[in-house]
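In what follows, a structure is listed as C-alpha cells, so that the remarks can point back to it.
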Amino acid sequence: MLYIFDLGNVIVDIDFNRVLGAWSDFSRVPLATLKQSFNMGEPFHQHERGEISDEEFAKALCEEMDLPLSYEQFSTGWQAVFVALRPEVIDIMQKLREQGHRVVVLSNTNRLHTTYWPEQYPEVHVAADNIYLSQEMGMRKPESRIYQQVIALEGFSVGDTVFFDDNADNIAGAEQLGITAILVTSKATIPDYFSKQLC
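Numbering (my numbering), first residue to last: 2 to 200.
Put into C-alpha cells, the structure is as follows:
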C-alpha cells in the first residue's frame with residue numbers, strides 16, 4: 002500500500018494564530034485586525050506553487066493586510082506557525098515502512114517554510130520514503146494532477162493508496178480520483194485509524 006500523509010496538523014501541529022501574533026507584535030497592528038484581513042488568497046496559492054518568490058509573497062501579503070513589516074520580520078512571523086511534532090504519527094509511519102508499505106509526505110508548502118521545518122523536525126525525513134512539496138512540483142492540493150503525479154511516481158494505483166489530510170477540500174480532491182482519503186480532525190484520528198491494522 003501507498004500511504005500519503007499531509008504535514009501540517011497531520012504530522013506537525015501548526016497554528017496560524019501564532020503567525021498573526023508575531024506580526025502584531027512587530028507591527029503594533031492589533032491582532033483582531035490581522036485576523037480579519039488575513040486570508041489564503043491567490044498570492045498564497047501562487048507561493049505554494051513556486052510561482053512567486055518569498056519576497057514577492059511577503060510584499061503582496063503586507064500590502065493586502067496594510068502591514069508595515071520588514072522582510073525579516075515577516076519571515077520570522079511566518080516561521081512561528083510550527084508548534085510541535087506529533088510523535089505518535091511518526092511511530093505509525095515507521096511501523097508502516099517496517100511492514101513493507103510505502104510512506105510519503107505530500108504538503109502544500111513554500112520556500113520560506115522549507116528552510117525551517119526540515120531542520121526543526123528531522124524525524125519527518127527519517128520516517129518517510131519520499132517528501133513531495135507543492136512549490137517544487139509547481140502544483141498544489143486539491144488539484145487532481147498533484148495526486149496523480151505522486152501516485153504515478155510511486156508506481157501505485159489509486160485503489161492501493163490511502164491519504165491523510167486535515168483540509169476537507171484536499172480530501173474531496175483525492176476522493177474524486179477514487180483515493181481512500183481520511184480527514185484528520187484531531188490528534189486521535191490517525192492512531193484510531195491504525196489501531197487495528199498495526200496491532
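Using N, Cα and C, we set each Cβ at its ideal position, and we do this for glycine too.
Opposing strand residues paired with residue i [DSSP bridges]
| i | result |
| --- | --- |
| glycine 9 | Val13 |
| leucine 3 | Arg103 and Thr162 |
| threonine 181 | Val163 |
| leucine 62 | Beta-bridge pairing links leucine 62 to no other residue. |
Delimiting residues of the alpha helix (DSSP H) encompassing residue i
| i | result |
| --- | --- |
| phenylalanine 39 | No alpha helix (DSSP H) contains phenylalanine 39, which DSSP labels as neither H nor E. |
Enclosing beta strand (DSSP E) for residue i [first to last residue]
| i | result |
| --- | --- |
| valine 84 | 83-86 |
Which of helix, strand or coil DSSP assigns to residue i
| i | result |
| --- | --- |
| serine 108 | strand |
| tyrosine 194 | helix |
| valine 159 | helix |
| alanine 129 | coil |
| alanine 189 | coil |
| cysteine 200 | Its pLDDT being 48, under 50, cysteine 200 is placed unreliably by the model, and the measurement read from it follows with that caveat. In this structure, cysteine 200 counts as coil in the three-state DSSP scheme. |
| arginine 19 | helix |
| leucine 154 | helix |
Environment of residue i [buried if 16+ CB atoms lie within 10 Å]
| i | result |
| --- | --- |
| alanine 175 | buried |
| asparagine 40 | exposed |
| lysine 142 | buried |
| glycine 78 | buried |
Pair within 8 Å by beta-carbon distance, residue i and residue j
| i | j | result |
| --- | --- | --- |
| methionine 94 | phenylalanine 17 | no |
| leucine 3 | threonine 190 | no |
| glutamate 49 | glutamine 136 | yes |
| isoleucine 91 | glutamate 124 | yes |
| glycine 9 | isoleucine 15 | yes |
| asparagine 75 | valine 13 | The displayed chain sequence assigns phenylalanine, not asparagine, to residue 75. No, the Cβ-Cβ distance between phenylalanine 75 and valine 13 is not below 8 Å. |
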